[in-house]
Amino acid sequence: MTETKKHFWNEYQKEIAEDNFFYERSCIRQSFFPGSETIFLKILTDDLGKNIIDDPNQHTCTGIGYHSDVVPFDTTMTVVGRLFSLMKDSGVRNYVPSCVTSFGVFTEVVETWKHFPEELEKTRDNLRKATGREFDIPENIAHPSDIIYKYRKELKEKMKYQLVNRHTGKPLKVVEHIGCHYGKIFSKHAVGGAEFPQVLAGMIEEWGGEVVDYPERRHCCGFGFRQYLVMANRGYSVANTKKKFESMKPYKPDFIVANCPGCAMFMDRWQYTIAEMEGITYDDNKMGIPVLTYEEMAGMLLGYNPWDLGLQIHQVQVEQLLDKIGIEYNPDDKFIGKSGKYLGEPEKPENLVVDYGK
Amino acid sequence: MKNWGFKISRPRAIDFDTADLAEYSKLVEKVPSAKRCLMCGACTATCSAGNHTDFNFRHSHLMYRRGQFEGLAEELDKCMLCGKCKMVCPRGVNTRAIIYNMRIFLNDMNYKNIES
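In order, the protein sequence lines correspond to chains A and B.
Under this note's numbering, the letters of the first sequence match residues 1 to 358, in that order.
Under this note's numbering, the letters of the second sequence match residues 1001 to 1116, in that order.
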């Protein structure tokens, strides 16, 4: 890289704390992708040896309600203040929200306080009156994908597998999708800014894969809060996702990875919806394109059991991807619960092909 | 198919891989004044057919220019070819000839037979 390029690229970097994090869980991820947050905590503590606090007293950031116009911003700021007060109690100063929507909310609130100090004082006052608590603004706010990106080289050394097709020896073609609230609200808080988000592309390239650069790469996943939550608007939501799939289909991606709970959820589940509504699928085998979270991708390559990662909860089944990489798994364990009890197989869709290969 | 309570909205974006923009050149050859149209909508505002139906010449012309022919033949059938639009056009566009020729070209492309 030339000096000039280095100079400009520096402007697209963000500071990511090295250790001592306060983790805030997402409201929805534990239902949609139940293994992701647990695996992130395991990777950070067991594989990287970092200190991260998972406080049981944490709560919503109000993100979904805020972006759906049912929670006023004053309330959001006070709730965020309470979360920051929990971080203050724990003694760490680096905040790590699991959800991209939460990340957007925190960056927006902190930026508001920076430009309007009277809002900060009002929030402190509101929180004091409501709970008697005090808070500090975090020294660093980083999304978990930032942290995985920062330590991607260290993790590579521990990985059992690479993003390589074991049959052809070629890199897997991966579609990366960045949540809009990660880099499009305040681009300075995103690795690579809004123009060149590198957070997922960096992981994919480091771990042996090839990033697919398709025309609608930066298009919204279709969640959009109001577009999905109001049923009358839901057609617009799925139309957005369809537009992305139509754009990526000619590149024949092996899988999709996202850093936002909504994006991973909708790109996974809408494939079922589109298949059942219109009979359209976006791969050659009519099985759909598997969608992973970045924690699942990292955990899978580190050699964690796919069923501990929660991959059986996905709508588009992931066995085809596991087979391509050569990851070992027991198909009989797919629907065995944590208690060891067989949970039963879910009903199969009509058009989206599901084959458990047993 | 199941009833989902909603349908997938059709995108309004123009797919230039499928849109045939060459057809408009043929129309301009026949009616050179079509190039002068600035889509002001005076034609639509004065349209007699538009008073009684949802016919919109400006929109139909724009769709043809963009190579969006789906459903256009049915739209153009609403026009009575009275020529009032031609009289009010500030750019002297032969709107009547545009509609007439669009009908013929759409017929040639098998979009719909001209009934009148």
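The beta carbon of each residue, even a glycine, is placed where N, CA and C say it ideally should be.
For residue j and residue i, the rounded distance between their alpha carbons
| i | j | result |
| --- | --- | --- |
| residue 100(A) | residue 272(A) | 24 Å |
| residue 240(A) | residue 189(A) | 25 Å |
| residue 204(A) | residue 174(A) | 7 Å |
| residue 1012(B) | residue 44(A) | 45 Å |
| residue 1096(B) | residue 1085(B) | 7 Å |
| residue 141(A) | residue 97(A) | 8 Å |
| residue 1113(B) | residue 35(A) | In this predicted model, residue 1113(B) has a pLDDT of only 48, less than 50, meaning its place in the structure is not dependable enough to derive any value. |
| residue 157(A) | residue 343(A) | 36 Å |
| residue 303(A) | residue 161(A) | 7 Å |
| residue 275(A) | residue 354(A) | 12 Å |
| residue 76(A) | residue 63(A) | 8 Å |
| residue 136(A) | residue 108(A) | 16 Å |
| residue 334(A) | residue 213(A) | 33 Å |
| residue 165(A) | residue 319(A) | 13 Å |
| residue 1116(B) | residue 252(A) | In this predicted model, residue 1116(B) has a pLDDT of only 43, less than 50, meaning its place in the structure is not dependable enough to derive any value. |
| residue 1025(B) | residue 1100(B) | 15 Å |
| residue 280(A) | residue 1066(B) | 27 Å |
| residue 312(A) | residue 1018(B) | 39 Å |
| residue 296(A) | residue 1002(B) | 32 Å |
| residue 323(A) | residue 305(A) | 14 Å |
| residue 227(A) | residue 1030(B) | 45 Å |
| residue 93(A) | residue 87(A) | 7 Å |
Limits of the beta strand (DSSP E) - the one that residue i falls within
| i | result |
| --- | --- |
| residue 21(A) | 21-24 |
| residue 83(A) | Where residue 83(A) is concerned, there is no enclosing beta strand (DSSP E), although the alpha helix (DSSP H) it sits in stretches over 73-90. |
| residue 94(A) | 94-97 |
Residue(s) in a DSSP beta bridge with residue i
| i | result |
| --- | --- |
| residue 176(A) | 257(A) |
| residue 293(A) | 258(A) |
| residue 332(A) | Beta-bridge pairing links residue 332(A) to no other residue. |
| residue 164(A) | 171(A) |
| residue 342(A) | 336(A) |
Identity of the residue in the options nearest residue i by Cα
| i | options | result |
| --- | --- | --- |
| residue 102(A) | 171(A), 294(A), 80(A) | 80(A) |
| residue 206(A) | 149(A), 192(A), 283(A) | 149(A) |
| residue 24(A) | 11(A), 285(A), 56(A) | 56(A) |
| residue 339(A) | 352(A), 308(A), 258(A) | 308(A) |
| residue 40(A) | 344(A), 144(A), 259(A) | 144(A) |
| residue 78(A) | 285(A), 215(A), 120(A) | 120(A) |
| residue 159(A) | 337(A), 300(A), 138(A), 318(A) | 300(A) |
| residue 54(A) | 20(A), 104(A), 281(A), 7(A) | 20(A) |
| residue 1049(B) | 1063(B), 1082(B), 1035(B) | 1082(B) |
| residue 1062(B) | 1003(B), 1021(B), 1004(B), 1006(B) | 1021(B) |
| residue 1103(B) | 1071(B), 1089(B), 1009(B) | 1071(B) |
| residue 1109(B) | 1087(B), 1073(B), 1038(B) | 1073(B) |
| residue 49(A) | 155(A), 198(A), 347(A), 258(A) | 155(A) |
| residue 14(A) | 147(A), 65(A), 59(A) | 147(A) |
| residue 321(A) | 254(A), 219(A), 17(A) | 254(A) |
| residue 371(A) | 327(A), 222(A), 176(A) | The structure shown has nothing for residue 371(A), since chain A only spans 1 to 358. |
Start-to-end residues for the alpha helix (DSSP H) that takes in residue i
| i | result |
| --- | --- |
| residue 54(A) | No alpha helix (DSSP H) holds residue 54(A); the beta strand (DSSP E) holding it covers 52-54. |
| residue 418(A) | In the structure displayed, chain A extends from 1 to 358; residue 418(A) sits before or after that span and is not available. |
| residue 1103(B) | 1095-1108 |
| residue 325(A) | 319-325 |
| residue 4(A) | 3-10 |
| residue 32(A) | 29-32 |
| residue 1088(B) | 1084-1088 |
| residue 66(A) | 63-67 |
| residue 1155(B) | With chain B covering only 1001 through 1116, there is no way to say anything about residue 1155(B). |
| residue 157(A) | 152-158 |
| residue 1030(B) | 1022-1030 |
| residue 1074(B) | 1072-1076 |
| residue 1051(B) | 1048-1052 |
To test your reading of the DSSP string, which unbroken beta strand (DSSP E) runs of 3 or more residues are found completely within the region 111-146 of chain A?
none
Could you tell me which whole alpha helix (DSSP H) segments of length 4 or greater appear in the region 183-238 of chain A?
199-206, 226-229
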